[in-house]
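There are 2 protein chains.
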Amino acid sequence: MNKQIILVKRPEGLPDASTWKLREIPVPEPKEGEVLIKQHYISLDPAMRGWLREAKSYIEPVSLGEVMRSGSVGEVIRANKHPKFKVGDYLSGWGGVQQYVVTEGKNFFKVDADFASLPMYIGTLGMPGMTAYFGILRVGELKEGDIVLVSGAAGAVGSLVGQIAKIKGCRVVGIAGGKEKCDYLVNELGFDAAIDYKSENIYSALKQHCPKGVDVFFDNVGGEILDAALAHLRMNARIVICGAISQYNTTEKIKGPSNYLSLLVNRATMRGMVVFDFAQDYGEAMSQYAQWLKEGKIKSKEDVYEGIENFHETFMRLFSGDKKGKLVLKVSE
Amino acid sequence: MNKQIILVKRPEGLPDASTWKLREIPVPEPKEGEVLIKQHYISLDPAMRGWLREAKSYIEPVSLGEVMRSGSVGEVIRANKHPKFKVGDYLSGWGGVQQYVVTEGKNFFKVDADFASLPMYIGTLGMPGMTAYFGILRVGELKEGDIVLVSGAAGAVGSLVGQIAKIKGCRVVGIAGGKEKCDYLVNELGFDAAIDYKSENIYSALKQHCPKGVDVFFDNVGGEILDAALAHLRMNARIVICGAISQYNTTEKIKGPSNYLSLLVNRATMRGMVVFDFAQDYGEAMSQYAQWLKEGKIKSKEDVYEGIENFHETFMRLFSGDKKGKLVLKVSE
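Chains A and B, in that order, are what the protein sequence lines are. Using the working numbering, the first residue of the first sequence is number 689, and each one after it goes up by one. Using the working numbering, the first residue of the second sequence is number 689, and each one after it goes up by one.
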């Protein structure tokens, strides 16, 4: 049987037990030109919260009654005259939150399970990695010597953004929740400083750690943190709007950045990004990450939970912050 | 005697009668290398409200006890061995809100009173003109065929932004307050449409007039209007943050744009500007305006009030909207 997580109700505020249901259906058969993938790991990302919303966005919302959309990685266990993939291949792509998926393989690509662990292909070598790479280098127009601030810094994207900026010769300050995460950023990932938004006043901490202000702010969080960063910009600063996890579950109006006139004062730019725009250059990022990983310049950390039945409670760790690194759900052996 | 407007109190909210006082001092004598200018016209601009604030900004605030800073235009009536300027020259520059000013002439330049009226040199051929020109062309990266939205569209800057965009082959929609201003935009300045924010719902009006969305939004207003524009962006849209007159007098927190995540959805850019950054290229804009004016492609409208004693109440017209075009105060005969 194939266990699937189906979207059954659009949440207001935090998703809860009634948002999804678990469904079991027979494992599908691949038709000619298709493969059957046994999925091993499902990617859990803040962006998925956005896909639950009915409003127009950069991607169609997940429909009610549909398998919840997600990135995934797994192994081909049956192939029906597929032109590219064969049994035993490991594929990463958009398999959704389910144990098996049949596909023509359009949105899947082959990964090398010997080079990196499977979870890494939905983390550093997957969407979060691509987001970090193109977000900080292209959208953020990173330059050597920049003072870089990252929110959600211990998360899948943020931790890579900071490490890339360190490789490029920048001063990097991360914002994260809790002492443990902050210690991790500084002691293990080599950030120059970390701010614990749960226990510190962000304004004064920014004054302390970025006395000259910030050249690039990579924002995954929004809300008060975005406002504080706006109050500490340098001239010609760039703000990359990658996400706003603090606002995704609000039932009120999203908190707009009150300090946005700092853009004027500092001739600064705030730009939104969606990683899919860089799809044609993913190869460049993959090779670069592969090299950095081999050289030990990038550390990749995945936090793996088990059991498709635990999808909802594991997903909620994105919003409680109770996780370390890239959040992954193992859905089969 | 020289009548001057002196800043005596930083306002909270709207400036009032206690913000400035009128002072009379003897007309100063120019020292060697200086000229004495009899000022004819003072420029009244929304930006002046910002200069009253003590906070760090793109320019030093006006100090308490100082003559209120402003653009101005007048005639040299005495010259003391000045290397560049002589009696009878008309100069535009930063003379402040006073009837006479003595200066070395560093921030003044000579204007041709035969080519254009003096008030035009603090309007279309002054700071507002430069702001519109560089704001829409450089910061807004205007391209032929763009759908352009301008707020404060009947004002000194906005009316020029729209006219430039029309010259460049764009569809132009203006937002202004009241039927008279809206009619003026469409019937006299050639805008394609105008939205009266006082009587129309901006969201539905934008849906009607910009059904495909907006490529460039030039914002002088902020607040609800910025939010509405954000909800109607096209892909890769540019938002020029030139000002936020709706927020300048607030005693509460500035209203940040709740819809800022539209930047992400639409891969859009919001960029702040300060006209002084383009000072080295003012000559380019001046020649271009001169040509457009000669060809009748740009209409310049100044709303001139009289009497330095009426500075405060005239200045307040910027915020009530009770004016037509560039607001100017005549301070001497």
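The beta-carbon is built from N, C-alpha and C at its ideal position, and this holds for glycine as well.
List, in chain order, every chain B residue whose beta-carbon is nearer than 9 Å to that of residue i.
| i | result |
| --- | --- |
| R766 (chain A) | Per Cβ cutoff of 9 Å: no residues; R766 (chain A) is ~38 Å from chain B at best. |
| T658 (chain A) | In this structure chain A extends from 689 to 1021, so residue 658 (chain A) is not present and cannot be described. |
| Y948 (chain A) | G910, L914, I929, A932, I942, G944, P945, Y948, M958, G960 |
Would you report the Cα separation of residue i and residue j, rounded to the nearest angstrom?
| i | j | result |
| --- | --- | --- |
| D965 (chain B) | K1018 (chain A) | 54 Å |
| R926 (chain A) | V963 (chain A) | 17 Å |
| G828 (chain B) | T939 (chain B) | 30 Å |
| M958 (chain B) | L1006 (chain A) | 28 Å |
| K1014 (chain A) | A841 (chain A) | 11 Å |
| M756 (chain A) | F905 (chain A) | 31 Å |
| N690 (chain A) | N954 (chain A) | 54 Å |
| G857 (chain A) | T812 (chain A) | 20 Å |
| L918 (chain B) | L951 (chain B) | 8 Å |
| Q787 (chain A) | P716 (chain A) | 11 Å |
| I996 (chain B) | E754 (chain B) | 16 Å |
| G944 (chain A) | M923 (chain B) | 20 Å |
| K769 (chain A) | V723 (chain A) | 8 Å |
| F796 (chain A) | K1011 (chain A) | 27 Å |
| R698 (chain A) | Y891 (chain B) | 25 Å |
| E700 (chain B) | N937 (chain B) | 7 Å |
| G776 (chain B) | E912 (chain A) | 56 Å |
| V902 (chain B) | L837 (chain B) | 7 Å |
| A916 (chain A) | Y885 (chain A) | 11 Å |
| P703 (chain A) | A881 (chain A) | 33 Å |
| F822 (chain A) | K854 (chain A) | 15 Å |
| G862 (chain B) | D871 (chain B) | 11 Å |
| A735 (chain B) | A844 (chain B) | 12 Å |
| T707 (chain B) | L740 (chain B) | 9 Å |
| K744 (chain A) | I929 (chain A) | 18 Å |
| I725 (chain B) | G793 (chain B) | 10 Å |
| G971 (chain B) | K900 (chain A) | 34 Å |
| L710 (chain A) | S988 (chain A) | 31 Å |
| A767 (chain A) | E983 (chain A) | 36 Å |
| G960 (chain A) | G759 (chain A) | 22 Å |
| A820 (chain A) | G1009 (chain B) | 46 Å |
| L695 (chain B) | S847 (chain B) | 30 Å |
| T791 (chain A) | P718 (chain A) | 7 Å |
| M1004 (chain A) | V764 (chain A) | 29 Å |
| D991 (chain A) | M974 (chain A) | 21 Å |
| D834 (chain A) | D907 (chain A) | 16 Å |
| E1021 (chain B) | Q727 (chain B) | 9 Å |
Would you mind giving the Cβ-Cβ distance between residue i and residue j, rounded to the nearest angstrom? I have them listed as a contact below 8 Å.
| i | j | result |
| --- | --- | --- |
| Y778 (chain B) | L806 (chain B) | 7 Å |
| S946 (chain A) | V909 (chain A) | That belief does not hold up - the Cβ atoms of S946 (chain A) and V909 (chain A) are roughly 15 Å apart, past 8 Å. |
| G817 (chain B) | Y948 (chain B) | So it is not a contact: roughly 30 Å between Cβ atoms. |
| S780 (chain A) | V750 (chain A) | Between V750 (chain A) and S780 (chain A) the Cβ distance is about 20 Å, and since that is not below 8 Å, they are no contact. |
| V849 (chain B) | I810 (chain B) | Not confirmed; about 18 Å, so no contact. |
| A639 (chain A) | H1000 (chain A) | Outside the shown range of chain A, which is 689 to 1021, sits residue 639 (chain A), and nothing can be said about it. |
| I986 (chain A) | Q851 (chain A) | 5 Å |
| G783 (chain B) | G814 (chain B) | Wrong, their Cβ atoms sit about 12 Å apart, outside the cutoff. |
| I693 (chain B) | V785 (chain B) | 4 Å |
So which residues on chain A does residue i lean against when the C-beta distance must stay under 9 Å?
| i | result |
| --- | --- |
| Y746 (chain B) | L952, V953, N954, R955 |
| D965 (chain B) | R955 |
- Message: Under 8 Å, CB to CB, which of the residues in the stretch 917-945 of chain A have a partner in chain B?
- Response: For the stretch 917-945 of chain A, residues whose beta-carbon sits nearer than 8 Å to a beta-carbon of chain B comprise I929, C930, G931, A932, Q935, K941, I942, K943, G944, P945.
- Query: In chain order, which alpha helix (DSSP H) runs of at least 4 residues are fully inside the stretch 775-838 of chain A?
  - Reply: List check, alpha helix (DSSP H) in window: 815-822.
- Item | Against chain B: residues of the stretch 824-855 of chain A by CB proximity under 7 Å | If the cut-off is 7 Å between Cβ atoms, the stretch 824-855 of chain A has nothing near chain B.
- Item | alpha helix (DSSP H) segments (min. 4 residues) lying fully within the stretch 834-910 of chain B | The stretch 834-910 of chain B is shown to contain whole alpha helix (DSSP H) runs of 4 or more residues at 844-855, 867-871, 890-897, in chain order.
- Where are the beta strand (DSSP E) runs, 3 residues long or more, that stay fully inside the stretch 924-990 of chain A, in chain order? Qualifying beta strand (DSSP E) stretches, in chain order: 957-960.
- Query: Which ranges would you report for the alpha helix (DSSP H) in the stretch 695-766 of chain A if only whole runs of at least 4 residues count?
  - Reply: DSSP runs (the alpha helix (DSSP H)) wholly in the stretch 695-766 of chain A: 735-738.
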